Amino acid sequence: MRKLLTIPMLLACLSAHAKDTHTEPRPYSPQYYACLDKAGPTTFYDQSADSNCDAEEVKFQKKRINAAYGKLVKLWKDNPQTVAQFNVAQKAWVQWRDSTYALLQEAGGTNGQVVYLVSSDFLLRSLVDQANLLETLVASNGGG
1 MRKLLTIPML LACLSAHAKD THTEPRPYSP QYYACLDKAG PTTFYDQSAD
51 SNCDAEEVKF QKKRINAAYG KLVKLWKDNP QTVAQFNVAQ KAWVQWRDST
101 YALLQEAGGT NGQVVYLVSS DFLLRSLVDQ ANLLETLVAS NGGG
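Counting with the UniProt record's numbering, you get residues 1 to 144 for the letters of the sequence shown.
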């Protein structure tokens with residue numbers, strides 16, 4: 001009986017993965033939260049609607065990463081060794097992100113909704129973290 005109670009509780013917690021019922025900072029774009037609000041209340045989980053919101057947020061965060069990447073390459077244009085090191089680090093990060101995401105989707109468990117929520121949450125958070133990191137690097141290197 002205890003197992004049956006934990007799965008719904010886990011689903012409820014994970015369905016709020018971006019619907020943010022806490023007072024912590026909101027890491028995603030305002031458009032993402034608006035999309036989730038349109039998708040329905042946190043008490044009703046619609047994976048299809050949420051996945052559409054997730055897909056748009058992935059695009060948004062990748063644009064942030066690409067913009068910051070371009071700025072850094074431009075800022076470091078006079079230092080090809082730094083650009084080369086940066087490219088190696090970025091490729092390694094993409095490989096880690098994609099490998100971890102694939103692992104979570106393939107071996108994340110037997111409950112499809114939980115697997116989706118966990119893997120989607122990982123992907124979104126990793127993209128936001130990387131975008132924030134690169135934007136911080138831009139700022140700390142005098143870019144704007």
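Even for Gly, the Cβ is constructed at its ideal location relative to N, Cα and C.
If you're wondering where the values come from, they're calculated on a predicted model, not measured in any experiment.
In this model, residue 126 and residue 97 are separated by some 7 angstroms (Cα to Cα). Of the residues assessed, residue 85 falls on the exposed side of the cut-off, its CB having fewer than 16 other CB atoms within 10 angstroms. From the listed residues 88, 122, 111, the smallest Cα separation to residue 100 is found for 122. With respect to the 8 angstroms criterion, residue 72 and residue 138 are classified as neighbours on the basis of their beta carbons.
For the options 91, 79, 36, 53, the alpha carbon positioned closest to that of residue 130 is the one of 91. The three-state secondary structure of residue 112, taken from DSSP, is helix.
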